[in-house]
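A short write-up of the structure that comes next.
Numbering (our numbering), first residue to last: 21 to 247.
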């Protein structure tokens with residue numbers, strides 16, 4: 021009778037692990053972005069490919085994303101700035117770009133340090149960035165170098181704060197006190213109430229009457245004001 025094997029296999033022994041499948045070919049989008057120097061990040065919950073680009077490299081990467089036939093991101097959907105007070109860099113500018121040619125949507129993140137809170141503008145590449153960059157500047161305080169007309173879009177021109185920064189009070193700021201102390205102009209000496217609605221740029225609340233030394237002139241216009 022043949023000798024039994026020295027170490028017979030046990031029925032309870034785990035089965036041998038199957039061989040790992042071959043590595044899947046790299047995603048062409050990821051490969052093309054990585055070739056530009058963009059860092060691939062884990063996909064977000066909405067499934068979008070996400071990339072991080074260094075601020076200094078962003079102008080060249082953006083130009084290639086639009087002009088490279090492999091990418092062809094013809095459409096900029098939006099630009100937003102986010103404040104992370106405990107992170108370095110503190111701010112992050114987030115872009116969503118759509119390739120109509122390849123039907124691809126991506127998210128690109130560019131870090132902006134607090135001590136030099138400026139990011140290159142992409143208005144020359146995607147004109148729709150104009151108002152998006154103005155809004156990010158207005159609400160978060162990130163400037164966009166090279167923007168053709170960088171000024172506030174929601175808050176008054178001389179407003180001294182950026183309301184979407186995390187250190188802005190949730191309850192807001194009393195304009196009648198803090199705003200003036202910070203150097204803002206709550207009212208002008210004369211307010212032209214004959215101007216069409218929406219064209220008076222003076223930040224003013226007349227619901228409680230005219231502050232001492234100021235007037236809006238409403239009482240003098242054809243009896244429209246209070247007696």
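Positions of the beta carbon are idealized from the N, C-alpha and C atoms, including for glycine. Fair warning: this is a prediction, and the values are worked out from it, not measured in the lab.
Beta-bridge partners of residue 140, as assigned by DSSP: 165
Separation of residue 175 from residue 89, as counted between CA atoms: 40 Å
Alpha-carbon spacing of residue 107 relative to residue 79, whole angstroms: 23 Å
Rounded distance between the beta-carbons of residue 124 and residue 72, thought under 8 Å: At roughly 18 Å, the Cβ-Cβ gap does not stay under 8 Å, so residue 72 and residue 124 are not in contact.
Reference residue 147; option with closest CA among 155, 96, 126 and 162: 96
Inter-residue spacing [alpha-carbon to alpha-carbon] between residue 184 and residue 191: 12 Å
Spatially closest choice to residue 57 from 152, 63, 66 and 84, by CA coordinates: 84
DSSP-derived helix/strand/coil call for residue 126: strand
Beta bridge counterpart(s) of residue 115 as assigned by DSSP: 99 and 128
The stretch 57 to 70 / the stretch 91 to 105 touching (three or more Cβ pairs under 8 Å): no
Endpoints, alpha helix (DSSP H) assigned at residue 83: 78 to 87
Cutoff 7 Å; reference residue 168; Cβ partners in own chain excluding five residues on either side: 143
Cβ-heavy atom distance, residue 89 to the ligand GDP, below 8 Å: Ligands are entirely absent from the displayed structure, and the ligand GDP is therefore not among its contents.
For residue 164 and residue 120, the rounded distance between their alpha carbons: 26 Å
Element boundaries [beta strand (DSSP E), containing residue 59]: 59 to 61
Beta-carbon proximity check, residue 170 vs residue 157, cutoff 9 Å: yes
Reduced DSSP category for residue 104 - H, G, I as helix; E, B as strand; rest coil: coil
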